[in-house]
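2 protein chains.
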Amino acid sequence: MASIKYSRQRKAIKDFLMTRKDHPTAETVYLNVRETYPHISLGTVYRNLTLLSDMGEIQRLHFKDGLDHFDADIRSHSHFLCTECGSVLDIDYQSDDDLYLDERVNSGFDGRITGHITYFQGICPECCKTSV
Amino acid sequence: MASIKYSRQRKAIKDFLMTRKDHPTAETVYLNVRETYPHISLGTVYRNLTLLSDMGEIQRLHFKDGLDHFDADIRSHSHFLCTECGSVLDIDYQSDDDLYLDERVNSGFDGRITGHITYFQGICPECCKTSV
DNA sequence: AATAAAACAGTAACGATTACTGATTTTGAT
DNA sequence: ATCAAAATCAGTAATCGTTACTGTTTTATT
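Residue numbers (our numbering), protein chains in the order written: chain S, 564 to 695; chain E, 564 to 695.
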């Protein structure tokens, strides 16, 4: 049996991610976990983020900023990127359109479609307020 | 007036992109344009790809491989990424779902949604054939 | 043709991520 | 609880895509 040893550091990384809804980058994870484990290495953060996402415990996301973002919420959901402040928000919309989108699109496609992800962009609620 | 001088190199880059439907990376553009302009610099390729996309003449895309891909087709359309071979294909599906998606999702969202892009993934037609 | 601005080639620098190394921690069995 | 093997760690060096810099060449205009 492949024995995966769950270190304190890995747990701290996962725990931190679960407290955040804004999909932090590896750098942000590092800076925050370091408050609990001052000696944690940036390499450890990267390795564990990769490990956790390979195991399916977290999601790795790619935004336009070119950085990898991480999300402890592994349910399928969409994301919104604010073009003003760069913040990322979850978009939870339930619709049949989305549920059956893969099948519908697959009917006109020779390959096999197994999933999709939709990225929205615009101005976030916060920025809408400030920029009157 | 901002006088933009259209160099042979920039034209070659745009022309090459227009012949391709598979959204090449900067590296691929470089290797191909170099066959016509053996002394072209990789920096020139990057600078012009950025310039062209800033001018709206081409599209810059971000895929899961972490690389930037470029597309001379600036119409709004979706993309498909093959998880097997990594190739990228266009997905042209016209539907009211997609047309009015922004408005529908915006109705349950405090900010302003100005657009979205959907990435599909799965097995491409080619890989479906070979991996019987 | 002469000129100034823009673009170039070549190279160095940058930043995010990954790989390496020897020390430490975790796990499961004694 | 103790111990050894395997996994993980901290720290650092290396990698790789991309951007910035510098001095030269091309472009468009007079």
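A virtual CB, placed ideally from N, CA and C, is assigned to each residue, including glycine. Please read all numbers here as calculations on a predicted model, not as lab measurements.
By the Cβ criterion, the segment 653-666 of chain E is not in contact with the segment 633-648 of chain S, since fewer than three pairs of Cβ atoms, one from each stretch, lie closer than 8 Å. By the beta-carbon neighbour count (other beta carbons within 10 angstroms, threshold 16), residue 601 of chain S is exposed.
Identification of residues in the segment 668-679 of chain S having a C-beta nearer than 9 Å to some C-beta of chain E yields 668, 669, 671, 672, 673, 674, 675, 676, 677, 678, 679, given in sequence order. Taking the CA atoms as reference points, residue 567 of chain S sits about 15 Å from residue 607 of chain S. The contact set of residue 601 of chain E on chain S, defined by CB atoms closer than 7 Å, is empty, because the minimum CB distance reaches about 30 Å. In the DSSP secondary-structure assignment, residue 588 of chain S is bridged to S/632. Using a C-beta cut-off of 8 Å, the segment 646-654 of chain S makes contact with the segment 581-588 of chain S, since at least three inter-stretch Cβ pairs fall below that distance. Given a length threshold of 3 residues, each whole run of the beta strand (DSSP E) inside the segment 586-627 of chain E is given here in chain order: 622-625. Chain E has a Cβ within less than 8 Å of the Cβ of residue 688 of chain S. Per DSSP, the beta-bridge partners of residue 641 of chain S are S/654. One Cα belongs to residue 595 of chain S, the other to residue 572 of chain S, and the distance between them is close to 12 Å.
Under DSSP, residue 676 of chain S takes part in a beta bridge, and its partners are E/685.
Contact between the segment 663-672 of chain S and the segment 572-581 of chain E is absent, with fewer than three C-beta pairs closer than 8 Å. A straight line joining the alpha-carbon of residue 624 of chain S with that of residue 632 of chain S spans about 5 Å. Using a 10 angstroms sphere on the CB of residue 628 of chain E, the tally of other CB atoms stays under 16, which defines it as exposed. In the three-state reduction of the DSSP assignment, residue 568 of chain E falls in the coil class. Residue-level contact check: residue 683 of chain E touches chain S, since one or more beta carbons of chain S fall below 8 Å from its beta carbon.
When S/591, S/649, S/597, S/669 are compared, the shortest CA-CA separation from residue 686 of chain S is found for S/649. Approximately 5 Å separates the beta-carbon atoms of residue 682 of chain E and residue 680 of chain S; this is inside 8 Å, confirming the contact.
For residue 690 of chain S, the secondary structure class from DSSP, reduced to helix, strand or coil, is helix. Judged by beta-carbon spacing, residue 635 of chain S lies within the 8 Å limit of residue 577 of chain S, meaning their Cβ atoms are closer than that value.
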